[in-house]
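Trainee:
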Amino acid sequence: MNDEHTLTSNNDGDNTEQIAAMEHNVIVMSESGKPIFSRFGSQGKIARICGLVQALRTAIHGSKSTLGLGEIQSIRSNKLCIVFMTVESITLVSISERTKPNGGNKNENTDVMETEAYGRLQLEYVYAHIILMLTNNVQSIYIQNPAFDLRSMMNSSDNLIRGILDESGPEGNAGPFLVSGVQSCFPISYKLRHKCSKVLQSIAGRIENNTAFALLIVGDRLLTVIQPSFRPHQLRVSDLHLILNFINKQPGLISSELWIPMCLPRFNSSGFLYAYTSCLDIPSKLTLILLSSHNTTEQFQLLRATSKQIRESLGLPSVSNSVLTIVEDEPKSISSPTDVGWKRTSEESFDNSTTDEGYVNISDDMIGNYTSTTSIMEEGELLRQVRQSLQLSSLDHICDQYLDDQHTPSLLHFLFRLDVPVDNSSIRNRHHQQKPGYLPQCISPGVTAPFESTASRRRLWSNYQKLSLRLRLGSATVESSMDAFDMIQNDSCFDEIDTNGPAAFSGISSHCPAIGLHESPPYNKDGLSYIVEGEEIYLAMNGKHFELYMVTPSNIPVKRAATIGTKLIREIIRDEKILFLSKPLTWRD
1 MNDEHTLTSN NDGDNTEQIA AMEHNVIVMS ESGKPIFSRF GSQGKIARIC GLVQALRTAI
61 HGSKSTLGLG EIQSIRSNKL CIVFMTVESI TLVSISERTK PNGGNKNENT DVMETEAYGR
121 LQLEYVYAHI ILMLTNNVQS IYIQNPAFDL RSMMNSSDNL IRGILDESGP EGNAGPFLVS
181 GVQSCFPISY KLRHKCSKVL QSIAGRIENN TAFALLIVGD RLLTVIQPSF RPHQLRVSDL
241 HLILNFINKQ PGLISSELWI PMCLPRFNSS GFLYAYTSCL DIPSKLTLIL LSSHNTTEQF
301 QLLRATSKQI RESLGLPSVS NSVLTIVEDE PKSISSPTDV GWKRTSEESF DNSTTDEGYV
361 NISDDMIGNY TSTTSIMEEG ELLRQVRQSL QLSSLDHICD QYLDDQHTPS LLHFLFRLDV
421 PVDNSSIRNR HHQQKPGYLP QCISPGVTAP FESTASRRRL WSNYQKLSLR LRLGSATVES
481 SMDAFDMIQN DSCFDEIDTN GPAAFSGISS HCPAIGLHES PPYNKDGLSY IVEGEEIYLA
541 MNGKHFELYM VTPSNIPVKR AATIGTKLIR EIIRDEKILF LSKPLTWRD
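Here full-length UniProt numbering is used: the first residue of the sequence shown is 1, the next is one more, and so on.
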């Protein structure tokens with residue numbers, strides 16, 4: 001018998017009716033039942049729900065006098081789907097109400113509900129956001145004082161958590177979360193994107209800058225990123241999602257430079273990195289992000305000077321910004337003795353991945369005497385392409401570009417993921433056991449007609465969720481998802497992703513099986529699955545390093561829909577260099 005269980009109930013009492021009235025809610029509470037966060041609802045109502053949840057947990061998991069079945073994972077009733085996640089002293093609950101048929105559109109005659117796997121995925125992102133702000137030392141607070149009220153420390157995080165729930169919901173852009181890929185800024189010429197990468201690498205990569213990661217983003221889209229060549233120290237996509245959400249929810253970013261502490265949960269959940277951010281272009285939201293382990297005034301000034309050099313090399317006009325410090329320091333009550341132990345050394349061996357002081361040895365990533373080999377771009381070239389890309393990424397333009405007149409009306413929406421290898425061959429040659437790393441990226445146009453209502457958008461993403469599970473597990477049932485979560489949490493190979501490096505560089509992957517499942521490739525090399533529902537066909541296809549999800553009208557044969565998908569895949573891969581960051585650089589390249 002599994003230690004964790006899914007319950008199905010047809011009994012919808014007053015309490016669940018009360019919960020259902022609060023739309024798709026997410027609640028976070030402590031082990032003692034104290035509310036920490038709620039997406040909707042008054043404090044009194046949330047407190048009562050927390051009491052109910054604790055009673056359920058006690059009944060299922062509790063003492064010898066109760067069932068003792070292990071942690072509860074989900075409850076599905078006629079009206080609700082409730083998903084639970086417990087990490088030590090913190091419990092998270094997702095409450096999703098089934099969309100009821102309205103009898104109008106043929107498509108609206110079937111009710112819709114998110115899968116348990118996706119509800120769990122959203123909870124893992126909420127927990128990751130808590131760690132991003134407070135580090136995993138938040139658990140030590142509850143060890144010392146189980147009745148501690150964490151809400152006073154979470155006030156500034158509420159909007160961030162709501163932001164990522166909105167973005168991953170039907171009214172947002174759920175695609176990158178579903179396929180665990182960072183959304184690419186496209187179309188951008190390969191030559192221009194590579195120039196941007198080289199500018200970041202050559203300027204931000206100087207040893208004295210102590211830069212761990214450098215990114216150029218356009219709103220919530222990635223233009224380029226430079227990171228270490230040692231795979232365990234590279235950014236996970238879930239951490240990239242957190243960074244993008246965090247930066248885009250900062251109201252002062254447009255007019256100010258920001259200096260922000262943030263913990264990257266999959267990189268090192270016990271320490272902070274410090275992000276310098278500067279908006280390089282307000283209309284397109286082109287933003288530079290430099291992350292360092294050093295939290296000093298001198299480090300800020302170094303990165304500020306680096307930003308100015310990068311701006312000039314990118315051919316952007318200089319702007320005088322004011323400085324805004326979002327957080328003066330991380331909360332003292334939970335700060336770790338040292339932040340992320342990142343130091344560039346002059347040692348030459350990776351056989352011992354840490355120094356005596358506990359720092360990570362990334363000597364092979366050093367850039368010595370800086371000599372710019374990157375010519376300054378023509379002024380305005382980058383801004384012209386970036387601004388143009390925001391207009392050329394619509395579904396209509398993509399169809400005009402890649403499909404003929406016969407197929408264009410048949411494509412209603414699509415989502416495409418491509419796993420792009422990160423070149424770390426120089427490190428792999430010295431570490432034969434290290435596998436190549438990948439940077440999963442995705443492209444997806446905005447959702448348009450016929451998915452204009454919230455119910456229709458929810459139906460779209462719900463069917464994509466089912467297809468994603470079918471490609472990976474062969475089934476979209478809750479039982480197969482929960483079994484997969486158990487396997488991922490118990491799989492030493494999965495844990496190795498975060499423990500390949502020194503012990504200090506461990507993350508929260510063992511608590512995030514849904515993220516791990518969605519990051520993993522489909523189990524069949526070439527898979528196809530589809531759902532015919534109402535007036536639409538939802539179809540998913542996968543091959544080596546790619547996945548496609550798409551929708552066509554149901555008045556065409558499924559075979560023709562698959563033909564459209566095959567043509568779209570072929571055209572996208574042919575234009576990989578302008579649609580994706582096809583050559584992610586490391587500091588070593």
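For every residue, glycine included, the Cβ atom is placed at its ideal position computed from N, Cα and C. The structure presented is a predicted model; accordingly, all values stated were derived computationally and were not measured.
Please go through the segment 503-548 and give each complete alpha helix (DSSP H) segment of 4 or more residues, from N-terminal end onward.
Mentor: Entirely contained in the segment 503-548, the alpha helix (DSSP H) runs reaching 4 residues are, in chain order, 513-519.
Trainee: Have a look at Y125, H194, L200 and S293 and flag the residue whose alpha-carbon is nearest the alpha-carbon of N245.
Mentor: Residue numbering aside, residue 245 sits at position 245 when the sequence shown is read from its first letter. When only C-alpha atoms are compared, the closest one is Y125.
Trainee: To test your reading of the DSSP string, which unbroken beta strand (DSSP E) runs of 3 or more residues are found completely within the UniProt domain "FUZ/MON1/HPS1 second Longin" (210-302)?
Mentor: List check, beta strand (DSSP E) in window: 211-218, 221-227, 256-262, 273-281 and 286-292.
Trainee: Just the Cα atoms here: how many angstroms apart are G163 and P176?
Mentor: Locating residue 163 in the sequence shown gives position 163, counting from the first residue. Locating residue 176 in the sequence shown gives position 176, counting from the first residue. Those two C-alpha atoms are separated by around 14 Å.
Trainee: Name the two residues that bound the continuous beta strand (DSSP E) containing R76.
Mentor: Here the question's residue 76 lines up with position 76 in the sequence shown. Run containing R76: I72 to R76, per the beta strand (DSSP E) assignment.
Trainee: Express the C-alpha separation of G315 and S269 in angstroms, rounding to a whole number.
Mentor: Numbered from 1 along the sequence shown, position 269 holds the residue referred to as residue 269. Numbered from 1 along the sequence shown, position 315 holds the residue referred to as residue 315. Looking at the two C-alpha atoms, the distance is approximately 37 Å.
Trainee: T8: buried (16+ other C-beta within 10 angstroms of its C-beta) or exposed?
Mentor: For the purposes of this step, residue 8 is taken as residue 8 along the sequence shown, with counting starting at 1. Low per-residue confidence applies at T8: pLDDT is 45, beneath 50, and the placement is therefore not dependable enough to give any value.
Trainee: Taking the alpha carbon of V218 as the reference point, which residue from L52, P170 and I289 has its own alpha carbon closest?
Mentor: Walking along the sequence shown from the start, residue 218 turns up at place 218. Residue I289 is the option with its Cα nearest to V218.
Trainee: Considering Cα atoms alone, identify which of T454, I226 and F230 is closest to residue 608.
Mentor: In the structure displayed, the chain extends from 1 to 589; residue 608 sits before or after that span and is not available.
Trainee: In the DSSP assignment, what are the bridge partners of N25?
Mentor: For this step, residue 25 is matched to residue 25 along the sequence shown. DSSP lists I95 as partners of N25.
Trainee: Using 8 Å as the cut-off, can you tell me whether the segment 29-44 makes contact with the segment 167-175, which would need three or more C-beta pairs spanning the two stretches below that distance?
Mentor: Output reads no: the segment 167-175 does not touch the segment 29-44.
Trainee: Going by C-alpha distance, which of E452, Y118 and S152 is nearest L178?
Mentor: Counting from 1 along the sequence shown, the entry for residue 178 is found at position 178. Ranking the options by Cα distance to L178, first place goes to Y118.
Trainee: Pick from S30, I60, R151 and I131: whose alpha carbon is nearest that of I143?
Mentor: For the purposes of this step, residue 143 is identified with residue 143 of the sequence shown, where counting begins at 1. Nearest of S30, I60, R151 and I131 to I143, Cα basis: S30.
Trainee: Beta-carbon separation of I260 and C279 under 7 Å?
Mentor: Here residue 260 refers to the residue found at position 260 when the sequence shown is read from its first residue. Here residue 279 refers to the residue found at position 279 when the sequence shown is read from its first residue. In this structure, C279 does not lie closer than 7 Å to I260 by Cβ.
Trainee: I believe Q304 touches Y274 by the beta-carbon criterion, under 8 Å. Please report the beta-carbon distance rounded to the nearest angstrom.
Mentor: Within the sequence shown, residue 304 is the residue found at index 304, counting from 1. Within the sequence shown, residue 274 is the residue found at index 274, counting from 1. According to the sequence shown, residue 304 is Arg rather than Gln. About 13 Å; that fails the 8 Å criterion.
Trainee: Quick one: is S529 buried, meaning 16 or more other Cβ sit within 10 Å of its Cβ, or exposed?
Mentor: Stepping through the sequence shown from its first residue, residue 529 is reached at position 529. Under this definition S529 is a buried residue.
Trainee: Flag this pair as touching only if the segment 181-191 and the segment 431-450 have three or more C-beta atom pairs under 8 Å; answer yes or no.
Mentor: They touch, by the three-pair rule.
Trainee: In three-state DSSP terms, what is C399?
Mentor: By one-based count along the sequence shown, residue 399 stands at place 399. If DSSP states are grouped into helix, strand and coil, C399 belongs with the helices.
Trainee: Mapping the DSSP letters down to three states, classify D158 as helix, strand or coil.
Mentor: Residue 158 sits at position 158 when you count from the first residue of the sequence shown. The answer is helix: DSSP assigns D158 an H, G or I state.
Trainee: From this set, D486, A540, S509 and N155, which residue's C-alpha is nearest G70's C-alpha?
Mentor: In the sequence shown, the residue the question calls residue 70 occupies position 70. With distances taken between Cα atoms, G70 lies closest to D486.
Trainee: Among the residues of its own chain, which have a CB less than 7 Å from the CB of E378, if the five just before and after it don't count?
Mentor: Counting from 1 along the sequence shown, the entry for residue 378 is found at position 378. The residues are G315.
Trainee: Sort out for me which residues DSSP pairs Y438 with in a bridge.
Mentor: The sequence position of residue 438 within the sequence shown is 438, counting from 1. Its beta-bridge partners are P421.
Trainee: Which first and last residues belong to the beta strand (DSSP E) in which I38 is found?
Mentor: Taking the first residue of the sequence shown as position 1, residue 38 is located at position 38. One point to set straight first is that residue 38 is Ser, not Ile, in the sequence displayed. Run containing S38: P35 to S38, per the beta strand (DSSP E) assignment.
Trainee: What separation, rounded to the nearest whole angstrom, lies between the Cα atoms of S475 and N145?
Mentor: Locating residue 475 in the sequence shown gives position 475, counting from the first residue. Locating residue 145 in the sequence shown gives position 145, counting from the first residue. Rounded to the nearest angstrom, the two C-alpha atoms are 43 Å apart.
Trainee: Thinking just about the alpha-carbon of each residue, which of S238, M550, P228 and D220 is nearest to the one in K249?
Mentor: Indexing the sequence shown from 1 puts residue 249 at position 249. It is D220.
Trainee: Cα separation between V87 and H511?
Mentor: Here the question's residue 87 lines up with position 87 in the sequence shown. Here the question's residue 511 lines up with position 511 in the sequence shown. Distance between the alpha carbons of V87 and H511: 7 Å.
Trainee: Within 10 angstroms of the Cβ of Q73, are there 16 or more other Cβ atoms? Answer buried if so, exposed if not.
Mentor: Numbered from 1 along the sequence shown, position 73 holds the residue referred to as residue 73. Q73 should be labelled buried.
Trainee: Evaluate G380 with the Cβ neighbour count: other Cβ atoms within 10 Å of its Cβ, from every protein chain shown; 16 or more gives buried, anything less gives exposed.
Mentor: As a first step, residue 380 is located in the sequence shown; it is residue number 380 there, counting from the start. So G380 ends up on the exposed side.
Trainee: Report all residues from its chain with a CB closer than 6 Å to the CB of L215; omit the five preceding and five following residues, and keep chain order.
Mentor: Looking up residue 215 in the sequence shown gives position 215. Excluding sequence neighbours, L215 sits near V225 and I289.
Trainee: Can you name, in chain order, every residue of its own chain whose Cβ lies under 6 Å from the Cβ of residue 649, other than the five neighbours on each side?
Mentor: For residue 649 there is no data in the structure shown, the boundaries of the chain being 1 and 589.
Trainee: Could you check which residue in C81, A212 and H518 has the C-alpha nearest to that of S293?
Mentor: The sequence position of residue 293 within the sequence shown is 293, counting from 1. For the residues C81, A212 and H518, the minimum Cα distance to S293 belongs to A212.
Trainee: Nearest to S318 by CA position, among T296, I282 and E298, is which residue?
Mentor: Counted from its first residue, the sequence shown places residue 318 at position 318. The shortest C-alpha separation from S318 is found at I282.
Trainee: Beta-carbon within less than 8 Å of G437's beta-carbon, same chain only, minus the 5 sequence neighbours each way: which residues are those?
Mentor: For the purposes of this step, residue 437 is taken as residue 437 along the sequence shown, with counting starting at 1. The answer, listed in chain order, is R231, Q234, P421, V422 and N424.
Trainee: Using the Cα positions of T563 and C196, report the straight-line distance between them to the nearest angstrom.
Mentor: Within the sequence shown, residue 563 is the residue found at index 563, counting from 1. Within the sequence shown, residue 196 is the residue found at index 196, counting from 1. So the alpha carbons of these two residues sit roughly 37 Å apart.
Trainee: In three-state terms, what does DSSP make of V447?
Mentor: Numbered from 1 along the sequence shown, position 447 holds the residue referred to as residue 447. It is coil, neither helix nor strand.
Trainee: With a threshold of 16 other CB atoms inside 10 Å of the CB of T115, please say whether the residue is buried or exposed.
Mentor: Walking along the sequence shown from the start, residue 115 turns up at place 115. Label assigned to T115: buried.
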